[in-house]
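Below is one structure, written out as structure tokens, with a few remarks after it.
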Amino acid sequence: MKYISTRGHAGQSAKPEFCDILLGGLAPDGGLYLPESYPQVTRAELDAWRGLSYAELAFAILSKFITDIPPADLKAICDKTYTAEVYRHVREGDEAGDITPVHWLEQGRLGLLELSNGPTLAFKDMAMQLLGNLFEYVLARRGETINILGATSGDTGSAAEYAMRGKHGVRVFMLSPHGLMSPFQRAQMYSLQDDNIFNIAVTGMFDDAQDIVKAVSNDHAFKAANKIGAVNSINWARVAAQIVYYFKGYFAATKSNDEQVAFCVPSGNFGNICAGHIARQMGLPVAKLILATNENDVLDEFFRSGVYRPRKAAETRVTSSPSMDISKASNFERFVFDLVGRDPRKVAALWAEVDAGRAFDLSTSSEFARIADFGFVSGASSHADRLATIRKVFEQYGVMIDTHTADGVKVAWERAAEVPAGVPVLVLETALPVKFADTIVEALGREPGRPADLEGIEKLPQRVEVMAPDAEAVKRFIVERI
Ligand SMILES: Cc1ncc(COP(=O)(O)O)c(C=O)c1O
Ligand SMILES: N[C@@H](CCOP(=O)(O)O)C(=O)O
1 MKYISTRGHA GQSAKPEFCD ILLGGLAPDG GLYLPESYPQ VTRAELDAWR GLSYAELAFA
61 ILSKFITDIP PADLKAICDK TYTAEVYRHV REGDEAGDIT PVHWLEQGRL GLLELSNGPT
121 LAFKDMAMQL LGNLFEYVLA RRGETINILG ATSGDTGSAA EYAMRGKHGV RVFMLSPHGL
181 MSPFQRAQMY SLQDDNIFNI AVTGMFDDAQ DIVKAVSNDH AFKAANKIGA VNSINWARVA
241 AQIVYYFKGY FAATKSNDEQ VAFCVPSGNF GNICAGHIAR QMGLPVAKLI LATNENDVLD
301 EFFRSGVYRP RKAAETRVTS SPSMDISKAS NFERFVFDLV GRDPRKVAAL WAEVDAGRAF
361 DLSTSSEFAR IADFGFVSGA SSHADRLATI RKVFEQYGVM IDTHTADGVK VAWERAAEVP
421 AGVPVLVLET ALPVKFADTI VEALGREPGR PADLEGIEKL PQRVEVMAPD AEAVKRFIVE
481 RI
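Per UniProt numbering, the sequence shown starts with residue 1, numbered consecutively.
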């Protein structure tokens, strides 16, 4: 499989393959990598995949995107990654070893696709554990090292650090918004004392941190000299790994491949739902992709109006679903590439506007006129909605959900009429409640349970460097430590 950039210049005379873009992260023209075409899944393949374990399914799907790792090696990496030991925090009563069980709130109608059973209790572990093993494999094969620069609003950071800690040849420099993550999220990251992990808290929002990652990656000389890599969903490998659980969720929620499902996805950086969009493009029978935002409703605004208006940091709200406090959604560029007929010149022109701090308006375009073909429906949620949803789900179904998943459930209920009758809706459970205990206590008057292996982490000593959101300062910090 060859890869192209959304902005047209993938950076090599021959189009790069998977292992190159795994290490490369952002394309050299500032765009994002995508397969030159989406592999199509046949009915015979869907039938054959229905009974597979998660690791087997991951191998089957990823083989379509990764053709430069020998199949036996890729299979071993998938087998090593997707085990019951790694994804050990399965909800009581659900099948241990299922990796991503569906927990039905209303049998066959509304379910939670459990994606947060990994080591850091958020859906990021689903892809990040694989990335850790892929990096280790590819770096060893090439005899190289990598310095990962990432940005987090709370969950990518800990997932990346848990996946990379102790990995030979890998250092992680992770930027987080100073003071804006939950105490549990801070403790997960800042309490790590491993020599290859560096936490930097920037005095700004997640978008400032993400801008620094892009600025450093776009300094080609610095990137090459210091072997800078990426673990955010700008890295195609993250999105590719996330495609797998849409297939797994589909098989769990249906009895035959003649049926359809709808997915509702709490969204911020558009990485998770982008994987759903690609699964649908590959031929998975997805009736609707329901996108849920919090008060930072840039994406909801686009799907309703055709106007993409990223907000400035000062306009970005600090909310009780803080991991979605994002106003400039990186992966949205991948979707717009498909929306405008995969024309990189159009994407480059649109992102010239975004990069200059302006909006773009597709509302009167022929492309936006066909947006319904992509199956998106959207909605937004507020703090009051979140509390009411957490309460209702707990009282009605006896299930405690986190604040981000609550945004999803709220929007899934609200947009139910747009899902064809009889089609089950799976809300992606993107984190476990203990990560956002203060809001759970506000909603329910009780503390969420916590896994024994994460007991007392807030009391551990923490190690973090506080810094202004300044790409040059971050570069200096990296150079001094490698
Ligand atoms: C718990 C949680 N839910 C939802 C999201 C949104 O996912 P995405 O950024 O892929 O849209 C994030 C972070 O991105 C998250 O950490
Ligand atoms: N919500 C994320 C933000 C980064 O998203 P990513 O999927 O692009 O890595 C976080 O929790 O850090």
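For each residue, glycine too, the CB sits at the ideal point set by N, CA and C.
Task: Neighbourhood of residue 482 by C-beta, 7 Å cutoff - its chain only, sequence neighbours within 5 removed - done: 147, 171 and 226
Task: Identity of the residues DSSP links to residue 174 by a beta bridge - done: 150 and 199
Open item on the list: Considering only heavy atoms of ligand 1, does any lie closer than 6 Å to the CB of residue 323?
Closed with: Correct: residue 323 has its Cβ closer than 6 Å to ligand 1.
Open item on the list: Using DSSP's beta-bridge definition, name the partner residues of residue 495.
Closed with: The structure shown has nothing for residue 495, since the chain only spans 1 to 482.
TODO: Give a yes or no on contact between the stretch 129 to 144 and the stretch 450 to 460, applying the rule of three or more CB pairs nearer than 8 Å.
DONE: no
Open item on the list: If I follow the unbroken alpha helix (DSSP H) through residue 124, where does it start and stop?
Closed with: 124 to 142
Task: Cβ pair count under 8 Å reaching 3, the stretch 93 to 110 against the stretch 384 to 392 - done: Counting Cβ pairs under 8 Å, fewer than three are found: no touch.
Open item on the list: If you reduce the DSSP assignment to three classes, tell me which class residue 106 lands in.
Closed with: strand
- [ ] Return the residue from the list 31, 260 and 425 that minimises the CA-CA distance to residue 345.
- [x] 31
Task: Where residue 5 sits in the DSSP three-state scheme - done: strand
Open item on the list: Can you give me the C-alpha to C-alpha distance between residue 111 and residue 13, rounded to a whole angstrom?
Closed with: 47 Å
Task: residue 306 versus residue 265: straight-line alpha-carbon distance, rounded - done: Going from the Cα of residue 306 to the Cα of residue 265 covers about 20 Å.
TODO: Out of 241, 113 and 232, state which residue places its alpha-carbon closest to the alpha-carbon of residue 56.
DONE: 241
TODO: From the DSSP output, in three-state form, read off residue 425 for me.
DONE: strand
- [ ] Take residue 391 as the anchor and find which of 44, 415, 433 and 354 has the nearest alpha-carbon.
- [x] 433
Task: 7 Å Cβ cutoff met for residue 563 and residue 428 - done: Lying outside 1 to 482, the shown extent of the chain, residue 563 is not represented and no answer is given.
TODO: Report the residue from 49, 22, 86 and 286 whose alpha carbon sits nearest the alpha carbon of residue 239.
DONE: 22
Open item on the list: Alpha carbons only, please: which of 352, 86 and 166 is nearest the one belonging to residue 127?
Closed with: 86
Open item on the list: If you measure between the beta carbons of residue 222 and residue 198, is that distance less than 7 Å?
Closed with: no
Open item on the list: Which residues does DSSP list as the beta-bridge partners of residue 363?
Closed with: In DSSP, residue 363 forms no bridge with anything.
Open item on the list: Do residue 202 and residue 175 count as a contact pair if the criterion is CB distance below 7 Å?
Closed with: Yes.
Task: Outcome for residue 177 when other beta-carbon atoms lying within 10 angstroms are tallied against a minimum of 16 - done: buried
TODO: Return the bridge partner residues of residue 293 from the DSSP annotation.
DONE: 380
- [ ] Go ahead and pull the three-state DSSP assignment for residue 38.
- [x] coil
- [ ] Please report the residue range of the alpha helix (DSSP H) in which residue 261 lies.
- [x] Careful: residue 261 lies outside any alpha helix (DSSP H), inside the beta strand (DSSP E) at 261 to 266.
Open item on the list: Quick check: the Cα distance between residue 100 and residue 52, rounded to an integer number of angstroms?
Closed with: 13 Å
Task: Expected contact under 8 Å - CB spacing of residue 8 and residue 217 to nearest Å - done: Taking the Cβ atoms as the reference, residue 8 lies roughly 17 Å from residue 217, outside the contact range of under 8 Å.
TODO: Return helix, strand or coil for residue 230, following the three-state DSSP convention.
DONE: It is coil, neither helix nor strand.
TODO: Give the DSSP-derived three-state secondary structure of residue 111 in the structure shown.
DONE: strand
Open item on the list: If I measure Cβ to Cβ from residue 168 and keep anything under 8 Å in the same chain, skipping five residues before and after, which residues do I get?
Closed with: 136, 139 and 140
Open item on the list: Taking 8 Å as the cut-off, does the stretch 407 to 420 touch the stretch 270 to 286 (at least 3 CB pairs, one atom from each stretch)?
Closed with: no
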